[in-house]
Every structure is written in C-alpha cells, then in structure tokens.
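Residue numbers (the numbering used here): 152 to 490. Virtual Cβ for every residue (Gly too), placed ideally from N, Cα, C. Below: the structure, in structure tokens.
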C-alpha cells in the first residue's frame, strides 16, 4: 500500500510540474500580448476608459494583477535570457517580476541562473539588498538584505493629525528619514522602557519565553492538513500559520488509549534555555532588540525533519517569525555551531 501511494504521489507531482511549466509559458505570452494591447490603446476601441476596467470586465484580473502583467510584458522583450527561462518554465512570473527591478544586459544571465536555484523568499531578500546593476550573491552566500513590508492603516482624522505631528517632531532630528523610518523610531521609543526593564531583570531563567498563545489545532493524520477549532466553528489553517505553529507548539494527544490528554512540548526545557541564553534573551534578527513575545524558530523546518536542537533553533520575535513564514523575511543561523 505504501509503494502504491508513493507511486501515485510521484505521478501527481510530475503532472503538477508539467502543468505549471505550461502555465508559466502561457502567462509569459499573455503578459506580452496584454502589454501590446495596452500600448495600442485597444481598450478604448472597445469602449473602456482604462486597461484596468477592460481587464476587470473581460479578463477577470484585479488592478494589481493587470499593472504587474503589463509591466512584465513591456520589459520582457528587452531581456531574452529571462524570457527564454519563462518560456521553458524554469522560473515563474513572480520571480521574473522581482528580477526586472535590478537586472540589466550585463547581469541578466547571472541573476536568471541564481533565481532558478533559490526559493522565492530568498530571491526577494537578495533583490531587496541589491542595487540595479549588482550581481547576485555567490553560491552559499547569505542574501544581502531583508524584504520590505508594507503596512496599511485606517485612522480617524484627529488620530491621523496626532501621528503626523509626532512624525514631524521626529523629522526635526532626521530630516531625510522617510515615514516608515519615523514610525519605527516612534515604536522603539515607546518600547524602550520595557526593553530596559527586561535587560536589567535579575533572574535570566524568568526571561525564557513561553508559548505566546494556546489555540486548538487538529491535524488530519492522512492528508496532514490542519483545522482550527474555536467558538466560531472549524476553519482551515493557511500554510504560513501552520508552519509557524509547528515551530513553537505544545501537543495534546486526545486519542491515546492509555494516557489521553497528555501534554508534550515540541522543544525540551533544557534546549529552550540554551537557545535563549545564546541569543541574549532577545530577537536574533539583525537590528531587532525585542525582548518580549519571542518564539523559537526551526531553521530547517520541523515539518521537513529539522531537529529540535540548539544549533537548529533561533530566538525571534513574533513579528519576524510571522513575516518569515509568510515569505517576507528570511531567517537563518550564521556563525559556528554551539556545542
């Protein structure tokens, strides 16, 4: 039965890969055609005021998808190596869109080769940390930067005035700073007293972070899909949240015949203390000194067989942990292993 299931999975895997390559090839041709149609103002001949309106009505595309595809279609003909990689399905349109921000004729081949060998989130970090014309990182070299995150708020008018006034005050000391930098500075100043309190705490073991929340997740033993059970009923857990929970969780076995309800931790207490001490009881991400709401992150994912050892764990704040599993920030361990 195991052999039959494995063979079926391999067959489906091959079919998915083949279908995806055909889909990528079609997406590339579609983007070029869409760009030509936009350039020719074809939407006006059909009675539409913009490409966004036309694409929404006839192509079922959002405004963001339309603009991204037109941008891709306009630039692809100038980069034949990238276009060729798309046409054979070696990389997808998401990676191509990232590469078009930084490549030129001299660096195109190197970046396309690099992009075919790394995951999307690694490529995003490498692109974010590079300037147009830069070459990609060398094999085995960590990406140069972190992905940027866009935050969107809705505030009442009087609250918005307060935020603008606070940022204007901070801008007096940093006139060249952008809004994001000023907002982060406001957060640092607000959190400074709590950080100072944590830094001067007498008993370091009290700072070893506990799980930040407890939720009930049921995992299907057959398909391994997870479901959240709460007061509003059951709902599927997205892949990013599932991976984040898998890093830092406790398990209650409600189906065991002899000891139902037994609580087990995924990370032994001794390992938790070693990791917390090594990382200074704060987030290990460069530039972040958060000492509150910390998680243990498996560098090699727990679900992929990564060991729950000191060398495979790193302490990160909940924000960076969520961003990592959402594919927006890359977290890895650097430096010699601990013994």
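Under DSSP, the alpha helix (DSSP H) around residue i begins and ends at which residues?
i	result
residue 471	469-476
residue 315	308-322
residue 264	259-266
residue 254	Element bounds for residue 254: n/a, residue is neither H nor E.
residue 205	202-205
residue 426	420-429
residue 277	271-279
Would you call residue i buried or exposed, if buried means 16 or more other Cβ atoms sit within 10 Å of its Cβ?
i	result
residue 420	exposed
residue 239	exposed
residue 194	buried
residue 146	Since the first residue shown for the chain is 152 and the last is 490, residue 146 is missing from the structure and cannot be characterised.
residue 341	exposed
residue 168	exposed
residue 281	buried
residue 276	buried
Between which two residues does the beta strand (DSSP E) harbouring residue i extend?
i	result
residue 446	445-449
How big is the Cα-Cα spacing for residue i and residue j?
i	j	result
residue 441	residue 470	10 Å
residue 292	residue 264	15 Å
residue 310	residue 304	11 Å
residue 306	residue 317	15 Å
residue 206	residue 218	10 Å
residue 288	residue 249	15 Å
residue 226	residue 254	11 Å
residue 355	residue 431	Below a pLDDT of 50, predicted positions are generally treated as unreliable, and residue 355, at 47, falls in that range; no measurement from the model is reported.
residue 286	residue 175	25 Å
residue 474	residue 468	10 Å
residue 204	residue 216	12 Å
residue 324	residue 308	26 Å
residue 162	residue 172	16 Å
residue 455	residue 224	37 Å
residue 315	residue 329	12 Å
residue 210	residue 433	48 Å
residue 463	residue 426	9 Å
residue 327	residue 321	11 Å
residue 160	residue 170	15 Å
residue 339	residue 270	32 Å
Please report the Cβ distance between residue i and residue j, rounded to the nearest whole angstrom; I am assuming they are in contact, meaning their Cβ atoms lie under 8 Å.
i	j	result
residue 185	residue 232	Actually they are not in contact, since the Cβ atoms of residue 185 and residue 232 sit about 22 Å apart, beyond 8 Å.
residue 242	residue 266	5 Å
residue 457	residue 448	Rounded, the Cβ-Cβ distance is 10 Å, inconsistent with contact.
residue 422	residue 461	6 Å
residue 244	residue 179	7 Å
Any heavy atom of the ligand SAM closer than 7 Å to the beta-carbon of residue i?
i	result
residue 280	Among the components of this structure there are no ligands whatsoever, and the ligand SAM is therefore not found.
Inset, instruction - May I have a chain-ordered list of the alpha helix (DSSP H) segments no shorter than 4 residues that lie completely inside the segment 193-234? - result: Taken in chain order, the whole alpha helix (DSSP H) runs of length 4 or more contained in the segment 193-234 are 193-196, 202-205, 214-226.
Inset, instruction - Kindly provide the ranges of any beta strand (DSSP E) runs that are 3 or more residues long and lie completely inside the segment 162-195, ordered along the chain. - result: Runs found: none.
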